[in-house]
């Protein structure tokens, strides 16, 4: 069956069934509407995202109702196999039309320009959990947006929204880039794992990106795709003892070991689907509850205490849909699984992918290969803070001996990471051949993998040839300059440091330490050896969160700080409210290893810090208007920072920057 894809010269081709590599096959058939033009819904296939419904006629204001609700969806691309998730939907008002809508995975995408005002009326329609404390409180954190503190959507900025409640966020976007949104209150780790997330694309307001598209430096909009790459675990009916056997045991692993399943089952740190669904099911507060799940349920993944195992979701989704398997490996691809979804492309065209990784744990490591296994370099042109000034090929060893742990021309996105990448579809690639974008395991813990198999996240079917060949370059050529108008401000030397007023609790140490503190023989994630309290939910009762690990600073200063990873695992560091400019990664004193100097000046809000490395970064504590849109001081307040492996944050690797 062929489906036309509105807004794209390609087509989405979807078969009727595919089950060769997956036992659990799931899909999504949901409503979508947008401000610009109607597009195919997410349920048509994995290469489209829904857009928010804008109810405001002002071209500089986007106003919408975002509703969190339970939903039953098909994430297997129309195969009729369903799962029960949590999902966002966008409405013009809370009326019968809104009530009839079903939420989507991912939630509707915001497409904005710098300077736009965003008004979001959030409504929590999640069911009352019946637990104490109430588990289905929620909210929205606008990840990476430099907004007013009142709209940040966290435990320290607003009371959590109880089921049936509402909260209005009102902010202005100030920087181009790729962002996303998700809950950040009590049980938010479970809520993200169950589908509550969505993408945000912000263009510059100067026409810079449009001019680069006009010059052919960046592919046009009809050759641009949002990819929200996530993962999920879905339970089978209990009793089989293999719950759920999603992946075949003989799928490839990036290490070269074919039987990844044996290694996974012997990995002490993982929560297998059998554990999550049958052997030790947890309610949303982390309490062991026997016989909790039936077929189609998504299990809770947050452990009950300050420590515990964790693992990636077992099914990988592209815009809420599994694209279908492919035999072989990235270097020697085989046949597509029956019914695998393909996107038509032309030989010689450019392809721009704006990628978001909302997974609670998974590092998304991407590799694009041809039918013959040749790698097509993924060239990064931007990401979390807008476009770079030059395109960038990443991966491999640096001249200083720093090992990225992924190959040159691949892209790595840690949890919450985003990337704006371009690929040249080869001019000489055979017609009707299929290129595949794969995700592979990443060695995020020293000397071991997570033991998740290599699986496809996108299939590109070559159909026709581009009239004009696109080329941004690859690893052996000079990469295209994006232009002298790049709006990447280079932060200068520090103008201020940390402060601590009389009576405040906090630290003056400019080095933030990511630690595993010893807790009765176990290792608990923490900041400076101080774990965040396990359960503070952001309700009106308050948040006693002034820890000795907190930092305090003064508005309008530029600061240079460091983050030292004292552990044996990678941690993606995230600071709320302010984008950082990373400078370098250096090994801890006495630890061998090469240094990494960031090759382009850019703004980021997620920086992956390898084990036993120190990140040096600068940050400008710029002010913005308060939620009323007119009063200065919106940058003042409590801003969280934490590891964005969500169980680590919930276990205690979180603290705050209090800006005065």
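In my numbering, the protein residues as written are 1407 to 2066. Each residue gets a CB set at the ideal place from its N, CA and C atoms; glycine is no exception.
Rounded straight-line distance, which links the Cα of residue j to that of residue i
i: residue 1762; j: residue 1770; result: 9 Å
i: residue 1582; j: residue 1574; result: 23 Å
i: residue 1556; j: residue 2028; result: 16 Å
i: residue 1625; j: residue 1471; result: 32 Å
i: residue 1671; j: residue 1931; result: 24 Å
i: residue 1496; j: residue 1691; result: 28 Å
i: residue 1444; j: residue 1506; result: Since pLDDT at residue 1444 reaches only 28, below the 50 mark, its modelled position is unreliable, and the value read off the structure follows with that caveat. Looking at the two C-alpha atoms, the distance is approximately 18 Å.
i: residue 1525; j: residue 1469; result: 5 Å
i: residue 1489; j: residue 1533; result: 16 Å
i: residue 1508; j: residue 1968; result: 44 Å
i: residue 2031; j: residue 1521; result: 12 Å
i: residue 1791; j: residue 1697; result: 45 Å
i: residue 1619; j: residue 1646; result: 54 Å
i: residue 1974; j: residue 1821; result: 17 Å
i: residue 1554; j: residue 1466; result: 18 Å
i: residue 1729; j: residue 1862; result: 7 Å
i: residue 1904; j: residue 1751; result: 52 Å
i: residue 1855; j: residue 1658; result: 13 Å
i: residue 1727; j: residue 1673; result: 28 Å
i: residue 1701; j: residue 1479; result: 13 Å
i: residue 1644; j: residue 1687; result: 11 Å
i: residue 1983; j: residue 2039; result: 13 Å
Within 9 Å, strictly: CB atoms of residue i and residue j
i: residue 1584; j: residue 1606; result: yes
i: residue 1933; j: residue 1978; result: no
i: residue 1716; j: residue 1679; result: no
i: residue 1684; j: residue 1641; result: yes
i: residue 1720; j: residue 1639; result: yes
i: residue 1576; j: residue 2033; result: yes
i: residue 1888; j: residue 1787; result: yes
i: residue 2122; j: residue 1516; result: Within the shown structure, residues of the chain are numbered from 1407 to 2066, placing residue 2122 beyond reach of any answer.
Close-in-space but distant-in-sequence residues of the same chain around residue i (CB under 6 Å, 5 per side omitted)
i: residue 2016; result: 1976
i: residue 1981; result: 2047
i: residue 1837; result: 1868
i: residue 1741; result: 1733
i: residue 2054; result: 1931
i: residue 1667; result: 1655
i: residue 1600; result: 1491, 1492 and 1704
i: residue 1637; result: 1718, 1719, 1722, 1765 and 1768
i: residue 1851; result: 1975
Residue i - partner residues in DSSP beta bridges
i: residue 1930; result: 1923
i: residue 1734; result: 1739
i: residue 1519; result: 1609
i: residue 2060; result: 2048
i: residue 1782; result: 1774
i: residue 2009; result: Per DSSP, none; premise fails for residue 2009.
i: residue 1760; result: 1632 and 1826
Backbone secondary structure at residue i - three-state DSSP
i: residue 1628; result: helix
i: residue 1750; result: strand
i: residue 1443; result: Per-residue confidence for residue 1443 stands at a pLDDT of 27, beneath the threshold of 50, marking its modelled position as unreliable; no derived number is given.
i: residue 1548; result: strand
i: residue 1768; result: coil
i: residue 1505; result: helix
i: residue 1617; result: helix
i: residue 1530; result: strand
i: residue 1971; result: strand
i: residue 1636; result: strand
i: residue 1497; result: strand
i: residue 1869; result: strand
i: residue 1666; result: helix
Cutoff 8 Å; reference residue i; Cβ partners in own chain excluding five residues on either side
i: residue 1834; result: 1753
i: residue 2061; result: 1918, 1933, 1934, 1936, 1938, 1953, 1955, 1956, 1957, 2046, 2047 and 2048
i: residue 1900; result: 1963, 1964, 1965, 1966 and 2024
i: residue 1885; result: 1785, 1796, 1797, 1798, 1799, 1878 and 1879
i: residue 1738; result: 1779
Same chain, Cβ closer than 7 Å to residue i, neighbours up to 5 away in sequence not counted
i: residue 2065; result: 1959, 1961, 2027, 2041, 2042, 2043 and 2045
i: residue 1596; result: 1690, 1706, 1707 and 1708
i: residue 2105; result: Because the chain spans 1407 through 2066 in this model, residue 2105 falls outside it and cannot be assessed.
i: residue 1971; result: 1920, 1977, 2015, 2016, 2017, 2018 and 2019
i: residue 2056; result: 1595 and 1708
i: residue 1872; result: 1752, 1753, 1754 and 1755
i: residue 1789; result: 1583, 1584, 1824, 1825 and 1826
i: residue 2063; result: 1957, 1959, 1981, 2045 and 2047
i: residue 2007; result: 1894, 1896 and 1987
i: residue 1849; result: 1811 and 1855
heavy atom of the ligand SAH below 8 Å from residue i C-beta
i: residue 1842; result: No copy of the ligand SAH appears in this structure; indeed no ligand is present at all.
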